[in-house]
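A.B. asks: Got a structure here, written out as structure tokens. Questions coming.
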Amino acid sequence: MPIRLDLQKILEVAQNELAGLTESPDQRTYLIDRALVAFDRHFEPLDVPGPDVVIDPALRAMIPGLVGALYDQWLVDETARRTKEAGK
2 MPIRLDLQKI LEVAQNELAG LTESPDQRTY LIDRALVAFD RHFEPLDVPG
52 PDVVIDPALR AMIPGLVGAL YDQWLVDETA RRTKEAGK
């Protein structure tokens with residue numbers, strides 16, 4: 002069954018997510034929470050190889066560390082970029 006992409010719906014979702022992110026007092030936690038929701042909604046129902054009782058919780062447990070590390074690295078890179086620009 003093909004997936005029908007509705008551009009207007011995609012843009013609305015993206016706008017809502019960006020608004021939630023920018024309005025959040027803790028963007029790192031917001032991103033982690035949204036990644037966990039996406040996992041629960043879209044990935045967990047899939048049947049992946051291996052025992053679901055072991056695989057699903059293990060994959061879900063990796064999300065906070067992965068998303069947190071990506072955010073932290075972005076923050077370090079962005080801070081370095083801004084510092085470099087300010088020094089010019």
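Numbering (the working numbering), first residue to last: 2 to 89.
C-beta atoms are modelled at their ideal positions from N, C-alpha and C, and glycine is treated no differently.
Counting only runs that start and end within the region 42-83, where is the beta strand (DSSP E) found for 3 or more residues in a row?
C.D. replies: none
A.B. asks: Distance check for F44 and W75, CA to CA, integer angstroms please.
C.D. replies: One C-alpha to the other measures close to 25 Å.
A.B. asks: Assuming G69 and R35 are in contact, meaning their beta carbons sit under 8 Å apart, how far apart are those beta carbons, in whole angstroms?
C.D. replies: The Cβ separation is near 13 Å, so there is no contact.
A.B. asks: First and last residue of the alpha helix (DSSP H) that includes L19?
C.D. replies: 8-24
A.B. asks: With distances taken Cα to Cα, identify the nearest neighbour of R42 among L22, R61, A87.
C.D. replies: The option with the nearest alpha carbon to R42 is R61.
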